[in-house]
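A.B. asks: Numbering (the numbering used here), first residue to last: 185 to 343. C-beta: ideal position from N, C-alpha, C; glycine also.
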């Protein structure tokens, strides 16, 4: 493995192929993966309305990890802000992010520097595209545009 401990995070509402890509990269580069999961309160503060509660999202995430990455070491931590354990722990060596969240890494590294921690290396995951060539996202799934595999769902037409 490239790193002893890596961090990643997200809301993980309606786990989809993009989440799987993020986790695959995380477990691919790290011996241990610290996964921040957005709390219900923080999700709402950020303008997100997850269909699933924090506990439901964590259960689904654990199930996915146990099935796809059996025996691997991981920790799930509740995120009440953007930075979580990646900032608070000097053991975390790298962060696995999407292009969308990569812009926060310089802020995270400034916070780590203030604590005397080394900067995080950055591993970026490309968006996983749906059949319509747009990124798969939980928002699009909640809106009924696509399913978790990125298949476009047929829209009902008004009569």
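Residue 306 and residue 334: beta carbons closer than 8 Å?
C.D. replies: Taking 8 Å as the Cβ cut-off, residue 306 and residue 334 do not qualify as a contacting pair.
A.B. asks: If you check the beta carbons only, do residue 253 and residue 221 fall under 8 Å apart?
C.D. replies: no
A.B. asks: In chain order, what are the residue ranges of uninterrupted beta strand (DSSP E) at least 3 long that sit wholly in the stretch 243-313?
C.D. replies: Those beta strand (DSSP E) runs which fall completely within the stretch 243-313 and span 3+ residues are 257-263, 278-282, 305-309.
A.B. asks: Using the Cβ count rule (16 or more neighbours within 10 Å means buried), how would you classify residue 274?
C.D. replies: exposed
A.B. asks: If we count Cβ pairs, one from each stretch, closer than 8 Å, do we get three or more for the stretch 249-264 versus the stretch 212-228?
C.D. replies: yes
A.B. asks: Quick check for students: name the residue ranges of the beta strand (DSSP E) that lie wholly in the stretch 200-245, counting only runs of 3 or more.
C.D. replies: 214-222
A.B. asks: Hey, does residue 261 have any beta-carbon neighbour from chain D nearer than 8 Å?
C.D. replies: No chain D is part of this structure, which consists of one protein chain only.
A.B. asks: Taking the Cβ atom as the reference point for each residue, do residue 226 and residue 265 lie within a distance shorter than 8 Å?
C.D. replies: Yes, Cβ-Cβ distance for residue 226 and residue 265 is below 8 Å.
A.B. asks: Could you tell me whether any non-hydrogen atom of the ligand GDP is closer than 7 Å to the CB of residue 192?
C.D. replies: Questions concerning the ligand GDP fall outside what the structure shown contains, since it holds no ligand whatsoever.
A.B. asks: Looking only at its own chain, which residues have a Cβ that is under 7 Å from the Cβ of residue 289, when we skip the five neighbours before and after it?
C.D. replies: 279, 281, 304, 306
A.B. asks: Name the residue from 200, 248, 209, 203 whose alpha carbon lies nearest to the alpha carbon of residue 186.
C.D. replies: 209
A.B. asks: DSSP three-state call for residue 192: helix, strand or coil?
C.D. replies: Looking at residue 192 - three-state DSSP - the assignment turns out to be strand.
A.B. asks: Anyone know if the C-beta pair for residue 295 and residue 320 falls short of 8 Å?
C.D. replies: no
A.B. asks: Ignore the nearest five residues each way along the sequence and tell me which others in residue 190's own chain have a CB closer than 8 Å to its CB.
C.D. replies: 210, 213, 214, 216, 217, 218, 276, 277, 278, 279, 280, 307, listed in sequence order.
A.B. asks: Check each candidate in 240, 228, 207, 192 and name the one with the smallest Cα separation from residue 198.
C.D. replies: 240
A.B. asks: Classify residue 320 as helix, strand or coil using the three-state DSSP reduction.
C.D. replies: coil
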